[in-house]
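In my numbering, the protein residues as written are 3 to 211.
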């Protein structure tokens, strides 16, 4: 952020906080966090620096601040970064989708093949161990995850595309992969026997030949 808009939004944050726009983020007191919820107003007025007296009053303004704070806190916990965001802020690829079959989750057909095995849901590759024949289920992968592919029967990731790390490495190792499967780490339970169909992009419960 350049100096002019930064100073303007900090000034707005001080004014908003003084006007009772709401408490700062826990652990981040002061105008620098107040501007997270109110800085948009300063930007909309070409970085004008409103005073406390100029701020909107009443419950409506405080409700807007509370709503924006809730959105920020919710989005900061997001594990799946959408590839497309519509003008209303929704991410169409992460809307609940009825699969129309017995699939636990559905994603992109990243690497062809069919494999079954116990699911191993992993969030930290540094502390995880994959036994031979287990299916690696994780939010996403990067080169730090590659050692886990050695024993994995298949890969399921919540994010990724046709040339992402997990897809590419799965093809190199000759194991099925379903990527971009939203909600995989929550809908698939650790230890469940699942079948990954890397040709159809589906993950189903139970073992299939």
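For glycine and all other residues, C-beta sits at the position ideal for the given N, C-alpha and C.
Predicted, not measured: the structure shown is a model, and the values here were computed from it.
To which residues does DSSP link residue i through a beta bridge?
i	result
residue 158	139 and 180
residue 116	199
residue 206	105 and 197
residue 111	180
residue 123	139
Please report how far the alpha carbon of residue i lies from the alpha carbon of residue j, in whole angstroms.
i	j	result
residue 195	residue 184	19 Å
residue 159	residue 74	25 Å
residue 155	residue 89	40 Å
residue 1	residue 165	Given that the chain is displayed from residue 3 to residue 211, the structure contains no residue 1 and the question cannot be resolved.
residue 199	residue 177	10 Å
residue 124	residue 139	6 Å
residue 181	residue 16	45 Å
residue 208	residue 197	6 Å
residue 161	residue 72	24 Å
residue 218	residue 128	As displayed, the chain neither begins before 3 nor continues past 211, which places residue 218 out of reach and without an answer.
residue 78	residue 175	34 Å
residue 126	residue 141	10 Å
residue 80	residue 65	23 Å
residue 188	residue 116	22 Å
residue 190	residue 122	9 Å
residue 210	residue 91	39 Å
residue 8	residue 76	25 Å
Give me, in chain order, the residues of the same chain whose beta-carbon lies closer than 6 Å to that of residue i; leave out the 5 immediate sequence neighbours on both sides.
i	result
residue 201	111 and 114
residue 120	136, 193 and 195
residue 186	107, 139, 158 and 160
For the alpha helix (DSSP H) containing residue i, name the first residue and the last one.
i	result
residue 168	167-175
residue 188	186-189
Once the 5 residues before and after residue i are set aside, which same chain residues still bring their CB inside 7 Å of it?
i	result
residue 131	none
residue 134	153
residue 109	180, 181, 182, 183 and 203
For residue i, which residues from the same chain have a beta carbon less than 8 Å from its beta carbon, with the 5 sequence-adjacent residues on both sides left out?
i	result
residue 105	204, 205 and 206
residue 179	112, 113, 156, 157, 158, 159, 168, 169, 172, 173, 198 and 200
residue 144	167
residue 146	127 and 128
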